[in-house]
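Chains as they are written, first to last, in the working numbering: chain A, 237 to 400; chain B, 288 to 406.
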Amino acid sequence: MKLKAFLLSFIILMLIWLLLTGTFDLPMLLTGAISAAIISLILCSRCTIFKGLKLTPAAFFYTIVYLFVFLYELIRSNLDVARRVLSPSLPINPGIVDVKTRLKSPMARMILTNSITLTPGTLTVDIEDDTLFIHWIDVSSEDREEATKKIVNRFENIISKIYD
Amino acid sequence: METLQTIGAFVVLAGSIFIFLGALGLVRMPDVYNRIQAGTKASTLGTLLTLVGLIMIMPAWWNKFLLLAIFVIITNPVSSHVLARASHAAKIRLSKKTVTDHYETYKKEKEEKAHGVKS
Numbered sequence: 237m238k239l240k241a242f243l244l245s246f247i248i249l250m251l252i253w254l255l256l257t258g259t260f261d262l263p264m265l266l267t268g269a270i271s272a273a274i275i276s277l278i279l280c281s282r283c284t285i286f287k288g289l290k291l292t293p294a295a296f297f298y299t300i301v302y303l304f305v306f307l308y309e310l311i312r313s314n315l316d317v318a319r320r321v322l323s324p325s326l327p328i329n330p331g332i333v334d335v336k337t338r339l340k341s342p343m344a345r346m347i348l349t350n351s352i353t354l355t356p357g358t359l360t361v362d363i364e365d366d367t368l369f370i371h372w373i374d375v376s377s378e379d380r381e382e383a384t385k386k387i388v389n390r391f392e393n394i395i396s397k398i399y400d
Numbered sequence: 288m289e290t291l292q293t294i295g296a297f298v299v300l301a302g303s304i305f306i307f308l309g310a311l312g313l314v315r316m317p318d319v320y321n322r323i324q325a326g327t328k329a330s331t332l333g334t335l336l337t338l339v340g341l342i343m344i345m346p347a348w349w350n351k352f353l354l355l356a357i358f359v360i361i362t363n364p365v366s367s368h369v370l371a372r373a374s375h376a377a378k379i380r381l382s383k384k385t386v387t388d389h390y391e392t393y394k395k396e397k398e399e400k401a402h403g404v405k406s
């Protein structure tokens with residue numbers, strides 16, 4: 237577990253370093269590798285953000301799928317906002333509803349709530365255990381199960397394949 | 288080369304149109320939560336499109352623009368969530384159009400449990 241967290245944080249830091257410098261010179265690579273190793277050792281010996289992350293080819297595949305679903309939803313959500321803002325009658329019907337999630341690990345929940353915030357008409361206000369409070373610009377159902385089905389499930393099904 | 292830059296310029300234009308719509312949303316929406324909604328979404332896609340357009344205009348700098356895009360995607364929803372939570376905690380009222388507020392009921396129930404129900 238510890239080794240996995242260390243390696244993952246090392247790889248992520250190294251990727252950021254490569255993007256920042258943009259070269260593959262040996263001195264640059266060495267500097268980055270040493271700094272990344274020291275930072276990972278100090279900060280990631282006890283960190284829990286990678287807990288539950290699956291490292292299988294299927295998880296990798298679903299990460300890509302997730303990215304595309306996310307981009308699609310982001311564009312759709314923008315067109316939705318544009319439609320609402322531009323129509324003279326301002327067709328909104330807002331409210332705060334509560335939904336349930338079955339994801340356990342904190343990182344998976346963070347990804348889920350961030351995705352919900354960036355999708356059509358929904359904004360995560362708070363999270364309490366497994367209950368998410370969501371501001372919905374167009375409340376079509378106040379029932380918890382119905383709202384869960386409409387807001388959460390789309391992303392949850394994919395994220396649950398990447399995270400435990 | 289020329290054509291790529293022209294396409295890039297149009298993508299940047301599309302991004303700024305989305306940001307403009309977000310700004311219009313900030314003015315037209317009735318309360319703080321709806322304003323946050325309009326602002327977050329529009330500014331995220333607007334910034335992303337602007338960055339993509341800039342990559343087309345300046346292909347040599349793609350790595351820095353990619354880092355910026357990742358940073359925006361991660362931090363934008365977090366900040367809007369914190370703003371919304373803080374405004375609810377500060378008891379900023381929802382607009383008159385609001386149909387339901389389960390969060391408020393939940394908070395009240397929790398408080399009653401903590402202090403013991405006074406009959």
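Glycine residues also receive a C-beta, built at the ideal position from the N, C-alpha and C atoms.
Quantities reported herein were computed from a predicted structural model and do not represent experimental measurements.
Within its own chain, the residues whose Cβ lies closer than 6 angstroms to the Cβ of residue 375 of chain A, once the five positions on either side in sequence are excluded, are 329 and 331, listed in chain order. Less than 8 angstroms separates the beta-carbon of residue 348 of chain A from that of residue 395 of chain A. Between residue 352 of chain B and residue 342 of chain B, the CB-CB gap stays under 8 angstroms. The continuous stretches of alpha helix (DSSP H) do not include residue 359 of chain A, which lies in the beta strand (DSSP E) extending over residues 358 to 364. Here residue 245 of chain A has 276 and 280 as same chain residues with Cβ atoms under 6 angstroms from its own Cβ, once five neighbours each way along the sequence are excluded. The residue among A/307, A/316 and A/362 with its C-alpha nearest the C-alpha of residue 394 of chain B is A/362. Within the same chain, and ignoring the five residues on either side of residue 367 of chain A in sequence, the residues whose Cβ sits closer than 7 angstroms to its Cβ are 334 and 336. In this structure, DSSP gives residue 290 of chain A a state outside helix and strand, which the three-state scheme calls coil.
In the structure shown, residue 354 of chain B falls within a helical segment according to DSSP collapsed to helix, strand and coil.
Taking the Cα of residue 324 of chain A as reference, the smallest distance to any Cα among B/299, B/316 and B/354 is reached at B/316. Between residue 373 of chain B and residue 371 of chain A, the CB-CB gap reaches or exceeds 8 angstroms. Judged by their CB atoms, residue 314 of chain A and residue 329 of chain B are nearer to each other than the 8 angstroms cut-off.
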